[in-house]
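Our numbering numbers the first residue of the sequence shown as 1 and each following residue consecutively.
The C-beta atom is built at its ideal place from N, Cα and C for all residues, glycine as well.
Fair warning: this is a prediction, and the values are worked out from it, not measured in the lab.
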Amino acid sequence: MGAQLFEPVRVRETVLANRLVHVATLTQLGRDGLPTAAQAAYLRRRAAGGVGCIVTEGVSVHSSSRPHPGVVQAYRPEAFAGLRAWPQAAAGVPVLLQLWHVGRQQLWGPREAPWGVSPEPDALSGSVPHVMTDAEIEAVLEAFAAAARQAEAAGFAGVELHGAHGYLLTQFLSPWSNTRTDRWGGDAERRRAFVLELARRVRRATGPRFIVGIKLSGHEFVPGGLTERDAADLVAALAAEGLVDLVGVSQGNFSLSLERHVPDLHFPEAPFAYLARTVREAAAGVPVIAMGRIMSRATAERLVAEGWADLVGLSRALLADPDLPRKWRGIDGEPVRPCLACNVCWGRIHQGRPVACVHNPELGEEERWTPPAPIPRRAAVVVAGAGPAGLEAAWVLARRGFRVTVYEAAGEPGGQAARLRRLAGLERFGELVDYQLAQCARYGVAFRLGTPLTPEDPVEADAVVVATGSVPVRPTIPGWRGPVRVPDEVPDLAPAPPAGATAVVVDEDGGYYAYGPAEHLLARGWAVVLVTSRTALGARLDYLSRIGLERRLRTHDVPVWTGWRVVGGGDRVLLLEDVFTGRRRAIEDVALVVWAGARRAVDDLWRTGREAWFRRWAPIGDAFAPRDLLAAVHEGHRLAREIR
Ligand SMILES: Cc1cc2nc3c(=O)[nH]c(=O)nc-3n(C[C@H](O)[C@H](O)[C@H](O)COP(=O)(O)O)c2cc1C
Numbered sequence: 001m002g003a004q005l006f007e008p009v010r011v012r013e014t015v016l017a018n019r020l021v022h023v024a025t026l027t028q029l030g031r032d033g034l035p036t037a038a039q040a041a042y043l044r045r046r047a048a049g050g051v052g053c054i055v056t057e058g059v060s061v062h063s064s065s066r067p068h069p070g071v072v073q074a075y076r077p078e079a080f081a082g083l084r085a086w087p088q089a090a091a092g093v094p095v096l097l098q099l100w101h102v103g104r105q106q107l108w109g110p111r112e113a114p115w116g117v118s119p120e121p122d123a124l125s126g127s128v129p130h131v132m133t134d135a136e137i138e139a140v141l142e143a144f145a146a147a148a149r150q151a152e153a154a155g156f157a158g159v160e161l162h163g164a165h166g167y168l169l170t171q172f173l174s175p176w177s178n179t180r181t182d183r184w185g186g187d188a189e190r191r192r193a194f195v196l197e198l199a200r201r202v203r204r205a206t207g208p209r210f211i212v213g214i215k216l217s218g219h220e221f222v223p224g225g226l227t228e229r230d231a232a233d234l235v236a237a238l239a240a241e242g243l244v245d246l247v248g249v250s251q252g253n254f255s256l257s258l259e260r261h262v263p264d265l266h267f268p269e270a271p272f273a274y275l276a277r278t279v280r281e282a283a284a285g286v287p288v289i290a291m292g293r294i295m296s297r298a299t300a301e302r303l304v305a306e307g308w309a310d311l312v313g314l315s316r317a318l319l320a321d322p323d324l325p326r327k328w329r330g331i332d333g334e335p336v337r338p339c340l341a342c343n344v345c346w347g348r349i350h351q352g353r354p355v356a357c358v359h360n361p362e363l364g365e366e367e368r369w370t371p372p373a374p375i376p377r378r379a380a381v382v383v384a385g386a387g388p389a390g391l392e393a394a395w396v397l398a399r400r401g402f403r404v405t406v407y408e409a410a411g412e413p414g415g416q417a418a419r420l421r422r423l424a425g426l427e428r429f430g431e432l433v434d435y436q437l438a439q440c441a442r443y444g445v446a447f448r449l450g451t452p453l454t455p456e457d458p459v460e461a462d463a464v465v466v467a468t469g470s471v472p473v474r475p476t477i478p479g480w481r482g483p484v485r486v487p488d489e490v491p492d493l494a495p496a497p498p499a500g501a502t503a504v505v506v507d508e509d510g511g512y513y514a515y516g517p518a519e520h521l522l523a524r525g526w527a528v529v530l531v532t533s534r535t536a537l538g539a540r541l542d543y544l545s546r547i548g549l550e551r552r553l554r555t556h557d558v559p560v561w562t563g564w565r566v567v568g569g570g571d572r573v574l575l576l577e578d579v580f581t582g583r584r585r586a587i588e589d590v591a592l593v594v595w596a597g598a599r600r601a602v603d604d605l606w607r608t609g610r611e612a613w614f615r616r617w618a619p620i621g622d623a624f625a626p627r628d629l630l631a632a633v634h635e636g637h638r639l640a641r642e643i644r
């Protein structure tokens with residue numbers, strides 16, 4: 001019998017209360033390179049949820065690492081005045097400051113200050129870095145040591161050196177990025193020299209109790225790149241000199257292997273935990289953190305009990321629900337608000353916007369957030385529509401003490417999310433509905449399913465929330481004689497007819513509303529062609545998830561016609577027009593067209609409803625304007641908090 005998840009663990013001289021670690025998560029809540037109270041509030045909330053240890057978001061240690069003004073520039077003299085608030089906010093939970101140098105991978109500003117190891121282009125931006133001289137390498141080593149020293153003075157329990165994901169440390173370690181022939185490159189030992197020297201400097205700069213951790217890519221998943229053997233050899237070398245106290249094992253870099261860095265909903269649980277296990281075997285007792293799409297208590301417990309890792313790292317699961325550790329322990333009776341692995345959070349920060357979660361409206365707002373206030377009298381509210389917006393409004397209202405009745409025209413609740421969950425690969429979106437329904441049940445929401453609310457209904461309620469959603473527009477294609485289906489109908493379509501028939505999926509959506517049906521049809525044996533008038537696929541997906549989409553479509557040899565629109569058809573023929581040149585072409589043997597395009601708000605209830613109902617409440621979610629899940633859930637939540 002191995003260790004227990006909720007059993008304490010010693011890291012150097014610090015005892016962590018349990019084995020759940022908040023792993024580094026950039027929030028983009030920093031401003032002009034300086035820390036903010038919003039970041040401290042974010043950390044305070046995660047600590048209150050019961051994690052054993054917090055690794056903060058990455059902070060830049062040197063002016064040559066300037067990925068984005070939302071990233072804290074810890075090298076500026078004024079930065080630590082604010083950073084001091086971070087360990088204080090965590091109120092007793094040990095906090096490690098993640099020290100970060102991006103090297104050539106400057107993300108948002110690739111041409112601003114790209115220092116790198118070798119003159120090889122950054123895989124993401126294509127920019128070629130300035131090759132660091134010995135003096136510059138020395139300056140960066142000292143910058144890490146200085147940041148660690150200041151972190152200790154500021155009250156952090158330790159630091160984590162960011163050696164993963166293709167940033168500067170990985171760039172030194174990997175033969176894929178390090179082509180130097182001096183003392184910093186050439187063979188595996190010399191490629192490791194920078195990280196070993198860095199760990200020595202940081203150790204020397206800090207006191208005996210101070211934790212020095214490192215995060216590594218256990219595998220880079222690029223040809224000729226780092227593998228778990230390299231990670232294990234490095235950790236063995238670090239452990240032999242007693243240089244590190246904690247090792248986090250992640251994966252990928254910012255090449256196409258980025259898909260694996262934050263595994264989205266198409267991956268199984270804990271797909272890369274095996275990397276942590278290999279590293280742990282070489283770690284000589286130094287505790288190892290496994291991470292990467294660990295979402296359930298059962299998996300977390302198994303990894304620790306079976307010795308795959310000493311600790312379990314969580315990023316997205318704690319964005320969705322900071323109270324997850326307390327809930328897993330049964331301290332808090334509420335259900336866990338599960339991470340959908342939709343990667344909206346990651347997409348947001350990589351657009352340079354503050355982090356946000358589809359179904360946790362509190363994320364990023366912790367500084368201002370107050371729990372929804374109870375109401376003095378048990379007033380009644382009717383919610384029309386049991387989609388994500390309506391369900392969110394319903395449970396939050398009921399929790400506040402309102403008597404809530406939900407009317408839903410369809411026979412089942414869930415709306416858009418319930419339809420998405422029926423598509424192969426997107427089942428996880430259903431967990432959003434499951435959570436909302438569990439909360440509705442917990443707080444006693446009444447349901448009238450299969451019962452649309454009409455303006456004639458004698459509703460006795462103090463307020464009506466109109467969350468009637470949207471319907472897809474089904475276009476007519478001149479001359480086309482076959483069926484045109486909308487995405488909502490795809491789960492009910494029959495498997496592919498006899499060989500030779502093609503389904504054309506018209507993607508005017510740029511998101512899962514188009515790719516869900518396409519992949520669903522592929523899974524059911526259809527030949528699929530994707531057509532979009534945009535110049536690229538996946539405009540509404542984050543860059544990371546788009547890689548996975550491309551890979552899966554290419555695995556099935558799906559032809560993709562970008563920059564073409566459908567203008568007509570004939571018998572089993574679809575006619576396309578090039579949006580730039582007007583040139584035309586035909587797709588033959590078409591048996592089915594699926595059109596993922598515009599939706600229209602279902603707002604007649606609101607537009608024809610009795611004035612009194614709507615004195616104060618506008619329609620929410622798609623009934624206001626068809627948008628995405630985040631807009632629906634957040635609007636439902638906000639409205640439910642505001643009704644008095
Ligand atoms: C929004 C977001 C921000 C992240 N920021 C960082 C970061 O600053 N440093 C880092 O090492 N990893 C960062 N990561 C990666 C996570 O630490 C973790 O390795 C990855 O998300 C897999 O864990 P998960 O499946 O629990 O989310 C980030 C991930 C997300 C989703």
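Cβ-heavy atom distance, residue i to ligand 1, below 7 Å
| i | result |
| --- | --- |
| C345 | yes |
| P263 | yes |
| K327 | no |
| G313 | yes |
| S250 | yes |
| H165 | yes |
| V23 | yes |
| A273 | no |
| E57 | yes |
| R353 | no |
| H162 | yes |
| L26 | yes |
Close-in-space but distant-in-sequence residues of the same chain around residue i (CB under 7 Å, 5 per side omitted)
| i | result |
| --- | --- |
| Q171 | G103, R104, G116, V117, S177, N178 |
| A523 | A424 |
| G444 | A398 |
Local conformation of residue i per DSSP, three classes
| i | result |
| --- | --- |
| G516 | helix |
| G569 | strand |
| F210 | coil |
| S545 | helix |
| W651 | Lying before the first or after the last residue shown, residue 651 is absent from the chain, which here runs from 1 to 644. |
| Q416 | helix |
| V357 | One point to set straight first is that residue 357 is Cys, not Val, in the sequence displayed. It is a strand residue. |
| L426 | coil |
| I587 | strand |
| I54 | strand |
| A503 | strand |
| W395 | helix |
| V646 | With the chain represented from 1 up to 644, any question about residue 646 goes unanswered, as that position is not in the structure. |
| H556 | coil |
| Y443 | coil |
| V244 | coil |
| L574 | strand |
| H22 | strand |
Residues near residue i by beta carbon distance below 6 Å, same chain, minus five either side
| i | result |
| --- | --- |
| Y543 | none |
| P487 | Y513, P517, A596 |
| D323 | G49, D332 |
| P559 | V529 |
Any C-beta of chain D under 8 Å from that of residue i
| i | result |
| --- | --- |
| C53 | Checking the listed chains, one finds no chain D in this structure; it contains a single protein chain. |
Which listed residue (the options) has its alpha carbon closest to that of residue i
| i | options | result |
| --- | --- | --- |
| L493 | A536, R422, P452 | R422 |
| T502 | Q439, I54, I587, V579 | I587 |
| H130 | A153, Q106, A145, A499 | Q106 |
| V21 | A398, V249, R190 | V249 |
| A3 | P491, A309, L43 | A309 |
| T181 | T133, A145, Y167, L141 | T133 |
| R337 | G307, R302, Q436 | Q436 |
| E7 | P268, L226, F210, P325 | P325 |
Contacts around residue i, its chain only, beta-carbon distance under 8 Å, and the 5 residues preceding and following it disregarded
| i | result |
| --- | --- |
| W617 | A463, V464, V465, V466, L639, I643 |
Practice task
Taking only runs that begin and end inside the segment 123-194, name each unbroken alpha helix (DSSP H) of 4 or more residues, in chain order.
Solution key: Those alpha helix (DSSP H) runs which fall completely within the segment 123-194 and span 4+ residues are 134-153, 168-173.
Practice task
Scan the segment 262-293 and note each continuous alpha helix (DSSP H) run of 4 residues or more that stays entirely inside, going in chain order.
Solution key: With a minimum length of 4 residues, the continuous alpha helix (DSSP H) runs that stay inside the segment 262-293 are 273-282.
Practice task
Can you check the segment 295-367 for any beta strand (DSSP E) of at least 3 residues that lies completely inside it and give the ranges in chain order?
Solution key: The segment 295-367 contains these whole beta strand (DSSP E) runs: 311-314.
Handout entry: Within the segment 54-119, ranges of the beta strand (DSSP E) (whole runs, at least 3 residues)
Key = Fully enclosed beta strand (DSSP E) runs of 3 or longer: 95-100.
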